[in-house]
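Chemist: Residue 1308 in this note's numbering sits at position 4 of the sequence shown, and the numbers go up by one each step. Idealized CB from N, CA, C, for every residue including glycine. Below is the structure I would like to discuss, written out as structure tokens.
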Amino acid sequence: MSKTTEKIKQEWSRRRFLSHVGLVGGAAAMYETMVAMNLIHVPNQDAPPIEIQKGIGKGQKVVILGAGIGGLTTSHILRQKG
């Protein structure tokens, strides 16, 4: 094996591999590769919503970044639960 081939082999990392997958195949290909490598937890679509007990985080401060539907819904639910 030549020194060049050996150097290229040593430079590959998981991050570099995923970057190249993303460059060649796009975000969807990178996402599916990360799922196949078990790097991303894919939630069950049939799972019930998380139950939050009322007052469980009393006195805690929360910052919600973004005012889209997700952020607004999260703030509404957290306010309901105290």
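Assuming Gly-1359 and Gly-1386 are in contact, meaning their beta carbons sit under 8 Å apart, how far apart are those beta carbons, in whole angstroms?
Modeler: Walking along the sequence shown from the start, residue 1359 turns up at place 55. Walking along the sequence shown from the start, residue 1386 turns up at place 82. Sure, about 4 Å apart at Cβ, within 8 Å.
Chemist: Which whole-angstrom value is the C-beta distance of Ile-1381 and Gly-1375, which I expect to be below 8 Å?
Modeler: Here residue 1381 is taken as the residue at index 77 of the sequence shown, counted from 1. Here residue 1375 is taken as the residue at index 71 of the sequence shown, counted from 1. That pair is no contact at about 11 Å.
Chemist: Just the Cα atoms here: how many angstroms apart are Val-1328 and Ile-1344?
Modeler: By 1-based counting over the sequence shown, the position of residue 1328 is 24. By 1-based counting over the sequence shown, the position of residue 1344 is 40. Roughly 20 Å between the two C-alpha positions.
Chemist: Give the DSSP-derived three-state secondary structure of Leu-1327 in the structure shown.
Modeler: Here residue 1327 corresponds to residue number 23 of the sequence shown, with the count starting at 1. Correct three-state label for Leu-1327: helix.
Chemist: When DSSP labels each residue in this structure, what does Ile-1344 get in the three-state scheme?
Modeler: If you number the sequence shown from 1, residue 1344 lands on position 40. Note: Ile-1344 maps to coil in three-state DSSP.
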